[in-house]
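Chains as they are written, first to last, in this note's numbering: chain X, 470 to 687; chain Y, 1333 to 1669. Here a beta-carbon is modelled for each residue, glycine too, at the ideal position from N, C-alpha and C. Notes follow the structure.
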């Protein structure tokens, strides 16, 4: 599903941030990406989201080489990924429904399908009935679940979460993590970047650990 | 914790490259997609109008400046049309006015006119007697009371000579004028085409000037509309970035901004039409009065239906073009971080 082949990323200003990273996430696999700040977690996620291009190596997503993909293909590649962010990245002036519907509107779904899929996604994250609320009226945990609903609404084959529990208390964090496990159980590949070691230990899944730009185990 | 060995991945063969097109497909059949596309456009059309109305101060300023730029261009265009029409009317009447020497009376003038009508080159010779000339002058010059103060009528008798229609050559006309000038009763034989020629050459100059002015005004309209779109893009940066992150194409992101440009251009075009038409209406009455002096052959031209469509079309196109140009440049720098 997602495969890194000797991937390196080098910035002019800071030098090499990732060095020879190789791993392979199988279809329907769940894994944690961890490491100290500055170890290269964010850079690795940016490479997956093709917000940055790798300097060397190849990244394969569902048969597509992300390092050489054409600029105009990027929107369609991004539609195969559900990204979840620590700061939720919700549109504050749009309702929960509109936020979750955004990927479907972009993909050109008809109105009745959008309605059905958004409802299903909100139900999945236990936010049914909050469609008309605005993000600022929701708690942090609820906002994160809106972000998750937006990531899964288009049923992407892979979900990538960047510190999804960074701003949440431990109970809520575990609840969110269990949500990710439930996605994995229906065949979705999940990659979660986090530095919450206790949570990782509790969950007992595969761990990819970065240290100074190198994968130390995974 | 599970540990996977990296060796397992060495023999990884990338799966067959999927057709990009496949990922482009949303659910549903063709009719659904068509409907979704139509919905998206209608939504963008009205949401961009709604957004303009939401920040009325900003939009009013921009649209007002656009309106002024377009009204100036359109107003000058209309002015030139009118001048052209005026010179066209006057050209047809290559008239020679014979001002008789003061000692000749109205009766002499009538006799001379009689003789002139026998000339094969002359179609018509109309006498304007001294008294009639004074009355007309009083009526139209605005010196009514001053003229009343005069003891004698200072105006000479005039004969207006119209050459036959076939006589259009300048040299022939000049020859006729010289012949008439040599008549003993005639003080001055004045050909009225000279100032028509001057007017025409002035119109030609004005048209060239207008072309350049229009280019400048079009550029200023582009800059004004473009700057507003740039601000709008800046204030909606988060939205653009998030849309990009969830797989929006540039086309999708551009759509609402292009519609904003559309509305600004369209509204400015419609307003400019009203502004210019209003100014023309104010001029209308006084122009009609002047036109009376010239036998009512001149009527003020307003925008025709086609001109109106052109005006609004060009204005709308400028709005869309401005936002397109700005988007081409700015969207490259509005990237997810």
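Close Cβ partners of residue i (< 6 Å) along its chain, the five nearest in sequence each way excluded
| i | result |
| --- | --- |
| residue 1670 (chain Y) | Lying outside 1333 to 1669, the shown extent of chain Y, residue 1670 (chain Y) is not represented and no answer is given. |
| residue 621 (chain X) | 551 and 590 |
| residue 601 (chain X) | 564 |
| residue 530 (chain X) | 471 |
Assigned exposure category for residue i - 16 Cβ within 10 Å defines buried
| i | result |
| --- | --- |
| residue 631 (chain X) | buried |
| residue 1659 (chain Y) | buried |
| residue 1385 (chain Y) | exposed |
| residue 1374 (chain Y) | exposed |
| residue 523 (chain X) | buried |
| residue 539 (chain X) | exposed |
| residue 578 (chain X) | buried |
| residue 515 (chain X) | buried |
| residue 685 (chain X) | exposed |
| residue 690 (chain X) | In the structure displayed, chain X extends from 470 to 687; residue 690 (chain X) sits before or after that span and is not available. |
| residue 1362 (chain Y) | exposed |
| residue 548 (chain X) | buried |
| residue 1509 (chain Y) | buried |
| residue 625 (chain X) | buried |
| residue 1391 (chain Y) | buried |
| residue 1445 (chain Y) | buried |
| residue 1528 (chain Y) | buried |
| residue 1468 (chain Y) | exposed |
Residue i: CB within 7 Å of a non-hydrogen atom of the ligand ADP
| i | result |
| --- | --- |
| residue 651 (chain X) | Of ligands this structure carries none, so the ligand ADP is not represented either. |
Those residues which DSSP pairs with residue i across a bridge
| i | result |
| --- | --- |
| residue 658 (chain X) | X:627 |
| residue 1477 (chain Y) | Bridge partners of residue 1477 (chain Y): none, in fact. |
| residue 525 (chain X) | X:477 |
| residue 680 (chain X) | X:683 |
| residue 1459 (chain Y) | Y:1491 |
| residue 1454 (chain Y) | Y:1495 |
| residue 641 (chain X) | Partner(s): none; residue 641 (chain X) has no beta bridge. |
| residue 471 (chain X) | X:494 and X:530 |
| residue 1522 (chain Y) | Y:1429 |
| residue 675 (chain X) | X:500 |
Top-ranked residue by Cα proximity to residue i, from the options
| i | options | result |
| --- | --- | --- |
| residue 1490 (chain Y) | Y:1592, Y:1590, Y:1660 and Y:1428 | Y:1428 |
| residue 1617 (chain Y) | Y:1607, Y:1605 and Y:1631 | Y:1631 |
| residue 518 (chain X) | Y:1663, Y:1573, Y:1615 and Y:1593 | Y:1573 |
| residue 1533 (chain Y) | Y:1565, Y:1504 and Y:1415 | Y:1415 |
| residue 500 (chain X) | X:598, X:680, X:676 and X:685 | X:676 |
| residue 1411 (chain Y) | Y:1535, Y:1379 and Y:1530 | Y:1535 |
| residue 1458 (chain Y) | Y:1495, Y:1433 and Y:1502 | Y:1495 |
| residue 669 (chain X) | X:656, X:652, X:634 and X:530 | X:634 |
| residue 555 (chain X) | X:624, X:543 and X:615 | X:615 |
| residue 1379 (chain Y) | Y:1446, Y:1590 and Y:1442 | Y:1590 |
| residue 1403 (chain Y) | Y:1365, Y:1584, Y:1508 and Y:1550 | Y:1550 |
| residue 1609 (chain Y) | Y:1361, Y:1633 and Y:1460 | Y:1633 |
| residue 605 (chain X) | X:543, X:533, X:619 and X:559 | X:559 |
| residue 667 (chain X) | X:653, X:680 and X:639 | X:639 |
| residue 1493 (chain Y) | Y:1460, Y:1481, Y:1475 and Y:1466 | Y:1460 |
| residue 1577 (chain Y) | Y:1469, Y:1503 and Y:1666 | Y:1666 |
| residue 659 (chain X) | X:483, X:571, X:542 and X:495 | X:495 |
| residue 1567 (chain Y) | Y:1456, Y:1662, Y:1452 and Y:1454 | Y:1662 |
| residue 1575 (chain Y) | X:571, X:535 and X:592 | X:571 |
| residue 1599 (chain Y) | Y:1395, Y:1366 and Y:1388 | Y:1395 |
| residue 1367 (chain Y) | X:651, X:641, X:629 and X:576 | X:576 |
| residue 628 (chain X) | X:641, X:651 and X:643 | X:651 |
8 Å Cβ shell around residue i - same chain, five flanking residues per side excluded
| i | result |
| --- | --- |
| residue 475 (chain X) | 489, 490, 491, 525, 526 and 527 |
| residue 1657 (chain Y) | 1554 and 1558 |
| residue 1353 (chain Y) | In this predicted model, residue 1353 (chain Y) has a pLDDT of only 39, less than 50, meaning its place in the structure is not dependable enough to derive any value. |
| residue 1587 (chain Y) | 1372, 1373 and 1376 |
| residue 1356 (chain Y) | Bear in mind that a pLDDT of 43 at residue 1356 (chain Y), under 50, signals an unreliable position, so the model cannot answer this. |
| residue 1605 (chain Y) | 1406, 1635, 1640, 1643 and 1644 |
| residue 1438 (chain Y) | 1459, 1461, 1462, 1463 and 1489 |
| residue 1344 (chain Y) | Caution is warranted here: a pLDDT of 38 is assigned to residue 1344 (chain Y), below 50, making its placement in the model unreliable, and the coordinate value is therefore given only provisionally. Correct list: empty, nothing qualifies. |
Same chain only: Cβ atoms within 7 Å of residue i, ignoring 5 sequence neighbours per side
| i | result |
| --- | --- |
| residue 487 (chain X) | 476, 477, 478, 509, 512, 513 and 682 |
| residue 609 (chain X) | 636 and 637 |
| residue 731 (chain X) | Since the first residue of chain X shown is 470 and the last is 687, residue 731 (chain X) is not available in this structure. |
| residue 1359 (chain Y) | In this predicted model, residue 1359 (chain Y) has a pLDDT of only 49, less than 50, meaning its place in the structure is not dependable enough to derive any value. |
| residue 574 (chain X) | 583 |
| residue 1465 (chain Y) | 1487 and 1490 |
Runs of alpha helix (DSSP H) wholly within the stretch 1486–1519 of chain Y (minimum 4 residues, chain order)
As far as the stretch 1486–1519 of chain Y is concerned, its whole alpha helix (DSSP H) runs of at least 4 residues are 1502–1513.
Length at least 4, wholly inside the stretch 1567–1608 of chain Y: the alpha helix (DSSP H) runs in chain order:
Listed in chain order, they are 1569–1577.
Could you name each continuous beta strand (DSSP E) segment of 3 residues or more that falls completely within the stretch 1369–1444 of chain Y, going from the start of the chain to the end?
You should have 1428–1432.
Report the start-end ranges of each beta strand (DSSP E) in the stretch 550–589 of chain X that is 3 residues or longer and not cut off at the edges.
Within the stretch 550–589 of chain X, the complete beta strand (DSSP E) runs of at least 3 residues are 550–553.
Which ranges does the alpha helix (DSSP H) cover as unbroken runs of at least 4 residues, wholly within the stretch 485–537 of chain X, from first to last along the chain?
With a minimum length of 4 residues, the unbroken runs of alpha helix (DSSP H) contained wholly in the stretch 485–537 of chain X fall at 510–517.
Ranges of the alpha helix (DSSP H) found wholly within the stretch 1635–1669 of chain Y, counting only runs of at least 4
Segments of the alpha helix (DSSP H) lying fully in the stretch 1635–1669 of chain Y: 1637–1662.
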